[in-house]
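I have placed the structure first, in the form of structure tokens, so that the comments after it can refer back to it.
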Amino acid sequence: MEETNMATIIRVIPQELADMNNASISIMGDGFSKATAVYFVDSTSSTKIFARTFNIVSDRQINTVLPSLTPGRLQVFVITGGTEAEASQGSFLTPDGPANYIYYVPRTTVL
Numbered sequence: 001m002e003e004t005n006m007a008t009i010i011r012v013i014p015q016e017l018a019d020m021n022n023a024s025i026s027i028m029g030d031g032f033s034k035a036t037a038v039y040f041v042d043s044t045s046s047t048k049i050f051a052r053t054f055n056i057v058s059d060r061q062i063n064t065v066l067p068s069l070t071p072g073r074l075q076v077f078v079i080t081g082g083t084e085a086e087a088s089q090g091s092f093l094t095p096d097g098p099a100n101y102i103y104y105v106p107r108t109t110v111l
């Protein structure tokens with residue numbers, strides 16, 4: 001019987017962004033060594049936006065630069081072996097959900 005290794009997202013760093021201009025994030029987890037894609041889902045439109053590039057630092061970390069996204073809650077996904085990595089339901093839950101959420105809240109200028 002073939003063993004399947006399911007990838008898991010444990011945490012995304014940072015979880016909140018104020019500027020999307022070349023914003024980098026690190027996706028922490030397990031089972032990333034054979035990742036084939038990273039993408040983001042905008043919670044308001046449910047649009048999938050793929051990362052142009054990503055760097056597999058180790059089996060436990062992927063770094064990427066965010067594409068242009070609309071403000072709000074974003075869900076982060078990693079694809080390994082044709083399957084989406086599971087989001088941890090463990091110790092790094094965000095205030096509104098699983099570990100694979102980040103928030104883009106643009107800075108406002110106060111005059």
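Residues 1 to 111 (UniProt numbering) make up the sequence shown, in order. Where a beta carbon is used, it is the ideal one built from N, C-alpha and C, also for glycine. The structure presented is a predicted model; accordingly, all values stated were derived computationally and were not measured.
query	result
Segment contact flag, the segment 72-81 with the segment 40-50, C-beta cutoff 8 Å, min 3 pairs	yes
Length of the line joining the Cα atoms of Pro106 and Leu66	14 Å
Helix, strand or coil at Ala37 [DSSP, three-state]	strand
Opening and closing residue of the beta strand (DSSP E) in which Met28 lies	Ser24 to Asp30
Where Gly82 falls: helix, strand or coil (DSSP)	coil
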